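**Q** Have a look at the structure that comes next, please.
2 protein chains.
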Amino acid sequence: MPTGLAPAELIAVLAAVTDDQPRVMTLRGGEALPSGPFETSHRSLQQSLRAWIERQTGHPVGYLEQLYTFADKDRDPRSGELTEEAGRISISYLGLVREQDAAGIGRPAWYSWYSFFPWEDHRDRVPDELVEITDRLGVWAQDDPVRHQRVDYLFGVGDKAWNEELVLQRYELMYEAGLVDAPQFGRPMQGDNRRILATGISRLRAKIKYSPVVFELMPESFTLLQLQRTVEALSGLRLHKPNFRRQIDQQNLIEDTGEMSSGTGGRPARLFRFRTAILEARMLSGARLPLSRS
Amino acid sequence: MPTGLAPAELIAVLAAVTDDQPRVMTLRGGEALPSGPFETSHRSLQQSLRAWIERQTGHPVGYLEQLYTFADKDRDPRSGELTEEAGRISISYLGLVREQDAAGIGRPAWYSWYSFFPWEDHRDRVPDELVEITDRLGVWAQDDPVRHQRVDYLFGVGDKAWNEELVLQRYELMYEAGLVDAPQFGRPMQGDNRRILATGISRLRAKIKYSPVVFELMPESFTLLQLQRTVEALSGLRLHKPNFRRQIDQQNLIEDTGEMSSGTGGRPARLFRFRTAILEARMLSGARLPLSRS
DNA sequence: TCCGATGTACTCATTCCGAGTATAAACTGG
DNA sequence: CCAGTTTATACTCGGAATGAGTACATCGGA
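From first to last, the protein sequence lines stand for chains A and B.
So for the first sequence, UniProt numbering puts the first residue at 1; every next one is plus one.
So for the second sequence, UniProt numbering puts the first residue at 1; every next one is plus one.
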């Protein structure tokens with residue numbers, strides 16, 4: 001991004017899925033999210049960011065959504081000092097792209113989410129890191145029942161279920177407990193970038209449940225298993241195959257292309273495509289109010 | 001708010017429910033949402049806004065959530081001209097308060113949402129305004145099947161169901177079709193304030209389904225019917241009484257105070273209170289992924 | 001004392017969801 | 001070419017949640 005006197009900074013969480021891994025675009029060897037000043041020459045925030053991303057990656061951004069706006073003083077509660085840029089506004093966005101090969105000068109790299117948040121990947125087993133974290137948080141909560149309740153709820157301790165959407169809240173609790181700087185608990189990032197990434201992951205994990213955004217991450221045509229693997233990568237959970245397929249075709253979101261996948265190891269699978277012009281789509285039923293007739 | 005050279009402006013959608021009407025705090029005779037510059041003297045955006053609101057209303061804000069951040073050029077697509085303040089950032093918030101009597105100098109007024117969006121109140125009947133709007137939109141869509149699909153989906157035409165959450169998208173479609181300036185379609189506001197209000201209503205209508213924010217609008221103790229009437233006011237829908245009650249006590253969110261309501265016309269009702277220290281609460285079941293065992 | 005309004009406890013059918021089973025069709029290594 | 005592995009796809013079945021409706025209780029007031 002060209003520099004200049006800018007009233008605001010834009011920060012992007014750019015996500016893609018490849019090799020069954022959810023990935024995020026980073027700069028500086030995985031230490032920073034892409035960011036730059038808001039250019040008033042463009043028409044709007046969205047357009048400004050979209051243009052910059054497409055210049056950087058060589059790919060169009062399928063989906064772009066605003067995440068959160070911070071003031072500088074929101075951003076790093078550790079250092080109480082006032083910087084020269086005090087009062088600057090940072091606006092963060094979540095963007096989804098289909099491919100991850102950057103056209104840049106080799107600087108951008110796509111890291112797996114789970115290298116920053118190793119405790120969030122529950123696809124194969126409960127991560128060792130999570131066990132250690134809950135142990136340490138147990139000590140931190142000690143005789144404080146309120147802390148204990150928060151830890152149990154956020155990290156699925158005891159009979160509580162693991163809720164994959166609470167990425168941000170888990171990170172913030174770990175921050176409070178002083179665990180985020182431990183190197184075994186994920187790759188560090190500069191400033192508050194890891195927290196912004198957590199915000200994006202939380203948002204996306206929630207969104208795939210009631211909106212068909214997953215398809216923004218899929219190629220033109222795909223098999224049902226590929227779709228399932230993508231959802232699993234994003235949510236960090238393993239899904240039940242027959243039930244997943246049932247839900248997908250109940251939603252009526254995809255249609256058969258007529259073609260079959262070339263052998264990926266087993267029996268060839270049908271190739272599907274996303275039904276365009278489906279704007280009324282909701283992935284799952286969505287919450288309901290108990291309506292009255294009439 | 002004191003004026004000054006500010007990098008950003010804060011705008012608040014302050015909501016309350018009284019007399020079975022969802023209300024929003026306005027200035028200038030209902031023409032503007034409260035707003036002011038972001039004061040860097042405070043610690044963060046949230047705190048800055050919270051302090052200002054409490055000074056204005058004399059009441060604490062129970063719940064405060066960021067809505068959306070606009071650049072000036074996002075804000076009024078009609079006038080293409082560049083103003084002196086081009087590039088200014090506006091950050092909007094949704095706040096919930098329990099009472100609506102302003103301590104101010106008589107300037108703030110609490111108007112019903114539905115005076116700005118008369119077509120959004122479906123509690124008693126389908127509003128006449130909605131019928132006229134869909135008629136006009138039918139003409140606007142004319143021979144364009146894509147437009148027709150959008151209109152049908154957003155406004156519940158034909159066999160499509162009315163979706164109360166789509167307040168913002170409906171308003172934006174009406175804007176596109178040139179209907180928002182018609183005086184019979186709701187009270188006007190200055191600039192894009194009506195669109196920001198629509199954003200807040202959309203967010204709140206979605207939120208009450210999976211989060212216990214409604215209780216931020218309720219008094220200390222309340223009857224089940226009062227709670228139902230509040231949800232109905234917010235959603236603009238009429239709910240099924242027995243099923244509403246079933247859901248509420250399945251969620252285990254409230255507890256009996258032991259007291260009874262003084263006669264409100266019929267048999268006295270139990271008074272309940274919100275169970276504090278319920279952070280794991282979700283109003284409804286929430287969408288689900290088809291999980292796999294172990 | 002009856003009526004209207006509200007409060008509260010049920011029933012019943014349908015749909016949705018979690019869990020599991022069974023079979024089909026490819027590839028692989030001996 | 002046969003056995004075993006991997007993936008694809010079609011079912012079944014029970015339990016939970018949801019939509020819709022019924023029955024009855026208890027108050028104030030005409």
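Idealized CB from N, CA, C, for every residue including glycine.
A quick note: this is a predicted structure, and the numbers were derived from the prediction, not measured.
1) What does the Cβ neighbour count give for A:Arg205, buried or exposed, with the cut at 16 atoms within 10 Å?
2) Between the segment 256-263 of chain A and the segment 129-138 of chain A, can you find at least three pairs of beta-carbon atoms closer than 8 Å?
3) Applying the criterion that 16 or more other CB atoms from any shown protein chain within 10 Å of the CB defines a buried residue, is A:Val13 buried or exposed?
4) Below 8 Å on C-beta distance, what does A:Pro290 contact in chain B?
5) Could you give the distance in angstroms between the alpha-carbon of B:Leu179 and the alpha-carbon of A:Trp162?
6) Determine the DSSP secondary structure at A:Gln190, reduced to helix, strand or coil.
7) Of all Cβ atoms in chain B, is any one closer than 8 Å to the Cβ of A:Thr276?
8) Quick one: what does DSSP say A:Tyr171 is sitting in, helix, strand or coil?
9) For a test of the three-state rule: what should DSSP assign to A:Val131, helix, strand or coil?
10) Can you list, in chain order, the residues of the segment 206-219 of chain A whose Cβ is nearer than 7 Å to any Cβ on chain B?
11) Does A:Thr69 get closer than 8 Å to chain B when you measure Cβ to Cβ?
12) Taking CB distances under 8 Å as the criterion, tell me whether A:Ala12 reaches chain B.
13) Which term fits A:Gly266, buried or exposed, when burial requires 16 or more other beta carbons within 10 angstroms of its beta carbon?
14) Is it buried or exposed for A:Asp143, if we count other Cβ within 10 angstroms and need 16 for buried?
15) What are the partner residues of A:Ser90, as DSSP defines its beta bridges?
16) Do A:Ile120 and A:Tyr114 have their CB atoms nearer than 8 Å?
17) List the endpoints of the continuous alpha helix (DSSP H) containing B:Thr230.
18) Does the Cβ-Cβ distance between B:Tyr68 and A:Gln66 come in under 8 Å?
19) Could you have a look at A:Tyr63 and say whether DSSP puts it in helix, strand or coil?
20) With DSSP as the reference, label B:Gln21 as helix, strand or coil.
21) Could you tell me how far apart the beta carbons of B:Pro290 and A:Phe244 are, in whole angstroms, since I believe they sit closer than 8 Å?
22) Would A:Gln250 count as contacting chain B if we go by Cβ distances under 8 Å?
23) Which class does B:Ile208 belong to by DSSP, given the choice of helix, strand or coil?
24) For A:Phe155, which residues in the same chain have their Cβ closer than 6 Å to its Cβ, ignoring the five residues on either side in sequence?
25) Check the Cβ-Cβ distances between A:Leu45 and every residue of chain B, and say whether any is below 8 Å.
26) Check whether the Cβ atoms of residue 305 of chain B and B:Leu64 lie closer than 8 Å to each other.
27) Report all residues from its chain with a CB closer than 7 Å to the CB of A:Thr276; omit the five preceding and five following residues, and keep chain order.
28) Are B:Met189 and B:Ala32 closer than 8 Å when you measure CB to CB?
29) Buried or exposed: A:Glu85, going by 16 or more other Cβ atoms within 10 Å of its Cβ?
30) For B:Gln66, return the contacting residues in chain A, with the cut-off set at a CB-CB distance below 9 Å.
31) May I ask you to verify whether the segment 217-230 of chain A touches the segment 87-101 of chain A, counting CB pairs closer than 8 Å and requiring at least 3?
32) Check each candidate in B:Leu166, B:Val151 and B:Gly200 and name the one with the smallest Cα separation from B:Ala177.
33) In the DSSP output, which residue or residues are listed as bridge partners for A:Gly178?
34) Output needed for B:Phe215: all residues of its chain with C-beta closer than 7 Å, excluding positions within five of it in sequence on either side, in chain order.
35) Below 8 Å on the Cβ atoms is my contact criterion, and I expect A:Ser235 with A:Glu164 to pass it. Report the Cβ-Cβ distance as a whole number of Å.
36) Let me make sure I understand the geometry here. Which of A:Leu253, A:Arg187 and A:Val213 has the alpha-carbon closest to that of A:Pro118?
**A** To lay it out plainly:
1) Position 205 of the first sequence, counted from the first residue, corresponds to residue 205 of chain A. Answer is buried; the Cβ neighbour count reaches 16.
2) At 8 Å Cβ cutoff, the stretches do not touch.
3) Walking along the first sequence from the start, residue 13 of chain A turns up at place 13. Under this definition A:Val13 is a buried residue.
4) As a working note, residue 290 of chain A is residue 290 in the first sequence. Within 8 Å Cβ-Cβ: Leu239, His240, Asn243, Phe244, Arg246 and Gln247.
5) Stepping through the second sequence from its first residue, residue 179 of chain B is reached at position 179. Stepping through the first sequence from its first residue, residue 162 of chain A is reached at position 162. B:Leu179 and A:Trp162 have their alpha carbons spaced roughly 47 Å apart.
6) The sequence position of residue 190 of chain A within the first sequence is 190, counting from 1. A:Gln190: coil per DSSP, three-state reduction.
7) Translated into the one-based positions of the first sequence, residue 276 of chain A becomes position 276. No, because no Cβ of chain B sits closer than 8 Å to the Cβ of A:Thr276.
8) Here residue 171 of chain A refers to the residue found at position 171 when the first sequence is read from its first residue. Looking at A:Tyr171 - three-state DSSP - the assignment turns out to be helix.
9) Translated into positions along the first sequence, residue 131 of chain A becomes position 131. Here A:Val131 sits in helix by DSSP.
10) Under the 7 Å Cβ criterion, the segment 206-219 of chain A contributes Lys209 and Tyr210.
11) Working through the first sequence from its first residue, we reach residue 69 of chain A at position 69. Yes, A:Thr69 counts as interfacial toward chain B.
12) The residue given as residue 12 of chain A occupies position 12 in the first sequence. Chain B, which has no Cβ nearer than 8 Å to the Cβ of A:Ala12, makes this no.
13) For the purposes of this step, residue 266 of chain A is identified with residue 266 of the first sequence, where counting begins at 1. By the neighbour-count criterion, in which 16 or more other beta carbons inside 10 Å mark a residue as buried, A:Gly266 falls on the exposed side.
14) Counting from one through the first sequence, the residue named residue 143 of chain A turns up at place 143. Residue environment for A:Asp143: exposed (fewer than 16 other C-beta atoms within 10 angstroms of its C-beta).
15) Start at 1 with the first residue of the first sequence, and residue 90 of chain A comes out as number 90. Per DSSP, A:Glu9 and A:Phe70.
16) Taking the first residue of the first sequence as position 1, residue 120 of chain A is located at position 120. Taking the first residue of the first sequence as position 1, residue 114 of chain A is located at position 114. According to the sequence provided, residue 120 of chain A is Glu. The question's Ile does not apply to it. Against a cut-off of 8 Å, the Cβ pair of A:Tyr114 and A:Glu120 comes out as a contact.
17) Mapped onto the second sequence, residue 230 of chain B falls at position 230. Residues Leu224 to Ser235.
18) Locating residue 68 of chain B in the second sequence gives position 68, where the first residue counts as 1. Locating residue 66 of chain A in the first sequence gives position 66, where the first residue counts as 1. Yes, these two residues count as a Cβ contact at 8 Å.
19) Locating residue 63 of chain A in the first sequence gives position 63, where the first residue counts as 1. The answer is strand: DSSP assigns A:Tyr63 an E or B state.
20) Taking the second sequence and counting its residues from 1, the one referred to as residue 21 of chain B is at position 21. Assigned with DSSP and collapsed to three states, B:Gln21 falls in strand.
21) By one-based count along the second sequence, residue 290 of chain B stands at place 290. By one-based count along the first sequence, residue 244 of chain A stands at place 244. With 8 Å as the limit, B:Pro290 and A:Phe244 qualify as a contact, their Cβ atoms being about 5 Å apart.
22) The residue labelled residue 250 of chain A in the question sits at position 250 within the first sequence. Taking a beta-carbon distance threshold of 8 Å, A:Gln250 does not count as an interface residue toward chain B.
23) Residue 208 of chain B sits at position 208 when you count from the first residue of the second sequence. Coil.
24) For this step, residue 155 of chain A is matched to residue 155 along the first sequence. Excluding residues up to 5 positions away in sequence, Thr134 lie with their Cβ nearer than 6 Å to the Cβ of A:Phe155 in the same chain.
25) As a position in the first sequence, residue 45 of chain A is number 45, starting the count at 1. It does: the Cβ of A:Leu45 has a partner Cβ on chain B nearer than 8 Å.
26) The structure shown does not extend to residue 305 of chain B, since chain B is modelled only from 1 to 294, so the question has no answer here.
27) On the first sequence, position 276 is the one that residue 276 of chain A refers to. Closer than 7 Å at Cβ, skipping near neighbours: no residue.
28) What you label residue 189 of chain B is simply residue 189 of the second sequence in a count that begins at 1. What you label residue 32 of chain B is simply residue 32 of the second sequence in a count that begins at 1. Contact flag set, yes.
29) Residue 85 of chain A sits at position 85 when you count from the first residue of the first sequence. Note on A:Glu85: pLDDT 47, under 50, position unreliable in the model; the coordinate value appears next. A:Glu85 comes out exposed.
30) For the purposes of this step, residue 66 of chain B is taken as the residue at position 66 of the second sequence. Neighbours of B:Gln66 on chain A, chain order: Tyr68 and Thr69.
31) As far as the Cβ criterion goes, the segment 217-230 of chain A touches the segment 87-101 of chain A, which means the pair count is three or higher.
32) The residue you call residue 177 of chain B lines up with position 177 of the second sequence. Nearest C-alpha to B:Ala177: B:Val151.
33) Within the first sequence, the letter at position 178 stands for residue 178 of chain A. According to DSSP, A:Gly178 bridges with nothing at all.
34) What you label residue 215 of chain B is simply residue 215 of the second sequence in a count that begins at 1. If we look at B:Phe215 and ignore the five residues flanking it on each side, its Cβ neighbours are Phe274.
35) Counted from its first residue, the first sequence places residue 235 of chain A at position 235. Counted from its first residue, the first sequence places residue 164 of chain A at position 164. Right, their Cβ atoms sit about 5 Å apart.
36) Walking along the first sequence from the start, residue 118 of chain A turns up at place 118. Closest option to A:Pro118, Cα to Cα, is A:Arg187.
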